[in-house]
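The next block holds one structure in the form of structure tokens; read it before the comments.
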Amino acid sequence: MSSRIGFWIRQIAWRALSVFNARRAGWMVYSAVCCWMASWLGASGGVQAGEIDFNRDIRPLLSDKCFLCHGPDEQTREADLRLDTQAGALTVIQPRDSDSSELIRRLITDDESERMPPPESNRALSKEQI
Numbered sequence: 006m007s008s009r010i011g012f013w014i015r016q017i018a019w020r021a022l023s024v025f026n027a028r029r030a031g032w033m034v035y036s037a038v039c040c041w042m043a044s045w046l047g048a049s050g051g052v053q054a055g056e057i058d059f060n061r062d063i064r065p066l067l068s069d070k071c072f073l074c075h076g077p078d079e080q081t082r083e084a085d086l087r088l089d090t091q092a093g094a095l096t097v098i099q100p101r102d103s104d105s106s107e108l109i110r111r112l113i114t115d116d117e118s119e120r121m122p123p124p125e126s127n128r129a130l131s132k133e134q135i
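Under the numbering used here, think of the first position of the sequence shown as 6, with each following residue one higher.
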């Protein structure tokens, strides 16, 4: 009878170890896949240091400095210019050609009547931001 009990104990122990090993193997595979995906995404999809990313670098500036007068609210919008939409922004922004962009010209002009944001708004951009 004791040999029969020993047999069942060995069977239960074997099954428990098999389940444990399967779970451990599953976590190891999952971890390996996650590491591979993280390295792949980091190598191909990220923005390199020093590169300008619109959503990270430009949109927050437009939101903070420009959207009050050139955003979605029709009641406060001035000059019928929307900088919160791509179509509106592209009327004054020339992608990859800042010298031809009306927006850049307005940001750096010495003429206070044309400068954006207006000096009285106290929302001027720094040289680093421009």
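Note that CB positions come from ideal geometry on N, CA and C, so glycine has one too.
Cβ-Cβ separation, residue j to residue i (assumed contact under 8 angstroms), whole Å
i, j, result
"His75", "Arg87", "6 angstroms"
"Ser103", "Ile109", "5 angstroms"
"Pro77", "Asp89", "5 angstroms"
Unbroken alpha helix (DSSP H) run spanning residue i, endpoints
i, result
"Lys70", "Arg64 to Lys70"
"Gly93", "Gln91 to Ala94"
"Leu112", "Glu107 to Ile113"
Exposed unless 16 or more other CB atoms sit within 10 angstroms - verdict on residue i
i, result
"Leu95", "exposed"
"Lys132", "exposed"
"Val66", "First, the residue type needs correcting, since residue 66 is Leu and not Val in the sequence shown. With fewer than 16 other Cβ atoms within 10 Å, it is exposed."
Candidates the options: closest to residue i by CA position
i, options, result
"Ile113", "Pro100, Gln134 and Asp89", "Gln134"
"Ala84", "Arg128, Pro122, Leu130 and Ala129", "Pro122"
"Arg128", "Arg111, Lys70, Gly55 and Thr81", "Lys70"
"Gly93", "Arg111, Gln80, Phe72 and Ser105", "Phe72"
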